[in-house]
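Visitor:
There are 2 protein chains.
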Amino acid sequence: MRAILGNDIAIQAARAGHTRPWPDGAILAKVVWKADPKTNWKTALAPGKFVHAEFIFKDARRWAGNGTGWGWARWVGLEQKPYGKDAGFSQECISCHTPVKGTDWVFTVPARFPGLSR
Amino acid sequence: MRAILGNDIAIQAARAGHTRPWPDGAILAKVVWKADPKTNWKTALAPGKFVHAEFIFKDARRWAGNGTGWGWARWVGLEQKPYGKDAGFSQECISCHTPVKGTDWVFTVPARFPGLSR
Numbered sequence: 017m018r019a020i021l022g023n024d025i026a027i028q029a030a031r032a033g034h035t036r037p038w039p040d041g042a043i044l045a046k047v048v049w050k051a052d053p054k055t056n057w058k059t060a061l062a063p064g065k066f067v068h069a070e071f072i073f074k075d076a077r078r079w080a081g082n083g084t085g086w087g088w089a090r091w092v093g094l095e096q097k098p099y100g101k102d103a104g105f106s107q108e109c110i111s112c113h114t115p116v117k118g119t120d121w122v123f124t125v126p127a128r129f130p131g132l133s134r
Numbered sequence: 017m018r019a020i021l022g023n024d025i026a027i028q029a030a031r032a033g034h035t036r037p038w039p040d041g042a043i044l045a046k047v048v049w050k051a052d053p054k055t056n057w058k059t060a061l062a063p064g065k066f067v068h069a070e071f072i073f074k075d076a077r078r079w080a081g082n083g084t085g086w087g088w089a090r091w092v093g094l095e096q097k098p099y100g101k102d103a104g105f106s107q108e109c110i111s112c113h114t115p116v117k118g119t120d121w122v123f124t125v126p127a128r129f130p131g132l133s134r
């Protein structure tokens with residue numbers, strides 16, 4: 017179960033449709049929990065055990081070297097242990113995101129919401 | 017697919033564990049979408065069609081008359097049409113929430129998050 021969050025630059029870019037590419041300064045976060053049945057509503061799933069938090073930081077120049085223009089990060093568990101033993105861990109992130117290279121490496125599109133055109 | 021949101025008073029109360037009862041001024045919102053397969057990740061579900069937004073407003077004195085201390089509201093669709101033909105509609109909300117009367121009529125508990133004790 018995942019929630020995708022953005023900083024102000026990312027939210028403004030998403031609402032304006034300026035996401036191919038996302039602007040420098042945009043930060044997206046993905047927060048991941050195990051999905052557990054709700055104790056008071058058995059047929060519903062709710063966030064259970066916290067798994068990890070992941071971030072991507074857009075800076076086309078700074079992160080040109082990894083081929084994406086994004087910096088990649090993951091912190092594991094409630095103790096927020098940094099993931100990976102060296103900077104090469106980001107290739108693991110990028111590999112999974114390659115199917116969405118055409119949308120600047122981002123899977124998420126904004127949810128529909130009243131008053132927003134997208 | 018639902019996201020539960022709170023105003024500052026509600027967030028502070030949830031983090032402090034002051035939710036039996038929730039304090040006057042707390043507002044909780046539930047935003048509901050249909051769950052659709054993600055176009056770029058077929059095994060995942062993402063927010064699709066917007067269904068409605070619902071709110072509960074805590075004011076123990078103002079809303080004593082309905083037996084819950086909460087005001088109840090629902091706006092339907094992207095056009096945000098008010099739900100119900102008269103004030104009696106709130107009994108429909110209250111009926112479904114009766115199983116959680118013991119937690120001040122609220123189903124949701126905060127998701128686990130790093131740095132928060134609850």
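Protein chains in written order, with our numbering: chain S, 17 to 134; chain A, 17 to 134. Think of the CB as a built atom: it goes at the ideal place given N, C-alpha and C, for glycine as much as any other residue.
1) Buried or exposed, going by whether 16 or more other CB atoms sit within 10 Å of the CB of Ser106(A)?
2) Pull up the distance between the alpha-carbon of Ala127(S) and that of Ala60(A), whole angstroms please.
3) In its own chain, which residues sit with a C-beta less than 7 Å from the C-beta of Asp120(S), not counting the 5 before and 5 after it?
4) According to the neighbour-count rule (16 or more other Cβ atoms, all chains shown, within 10 Å of its Cβ), is Leu103(S) buried or exposed?
5) The segment 104-132 of chain A: which residues have C-beta closer than 7 Å to a C-beta of chain S, in chain order?
6) Can you pull the chain S neighbours of Ala69(A), defined as C-beta to C-beta under 8 Å?
7) Is Ala76(S) helix, strand or coil by DSSP?
8) From which residue to which residue does the beta strand (DSSP E) around Arg18(A) run?
9) Establish whether the CB of Lys54(S) and some CB of chain A are separated by less than 8 Å.
10) Going by Cα to Cα distance, which pick from Asp24(S), Ala32(S), Arg18(S) and Ala19(S) is closest to Gly131(S)?
11) Please name the residue, chosen from Cys109(A), Glu95(A), Met17(A) and Arg90(A), that lies closest to Ala51(S) on a Cα-to-Cα basis.
12) Should Glu70(A) go down as buried or exposed, given a rule of 16 or more other Cβ atoms within 10 Å for buried?
13) Pull the bridge partners of Asp102(S) from the DSSP assignment, please.
14) Can you list, in chain order, the residues of the segment 81-103 of chain S whose Cβ is nearer than 9 Å to any Cβ on chain A?
Guide: To lay it out plainly:
1) By the neighbour-count rule (16 or more Cβ atoms within 10 Å), Ser106(A) is buried.
2) 14 Å
3) Thr35, Arg36, Pro37 and Trp38
4) Before going further, note that residue 103(S) is Ala rather than Leu in the sequence given. The residue in question, Ala103(S), is exposed, as its Cβ has fewer than 16 Cβ neighbours within 10 Å.
5) Pro115, Val116, Phe123, Ala127, Arg128, Phe129 and Pro130
6) Pro130
7) Judged by DSSP in its simplified three-state form, Ala76(S) adopts coil rather than helix or strand.
8) Arg18 to Gly22
9) So yes, Lys54(S) belongs to the interface.
10) That would be Ala32(S), whose Cα lies nearest to the Cα of Gly131(S).
11) Met17(A)
12) buried
13) DSSP lists no partner for Asp102(S).
14) If you check each beta-carbon in the segment 81-103 of chain S against every beta-carbon of chain A, the ones closer than 9 Å belong to Trp91, Gly93, Leu94, Glu95 and Gln96.
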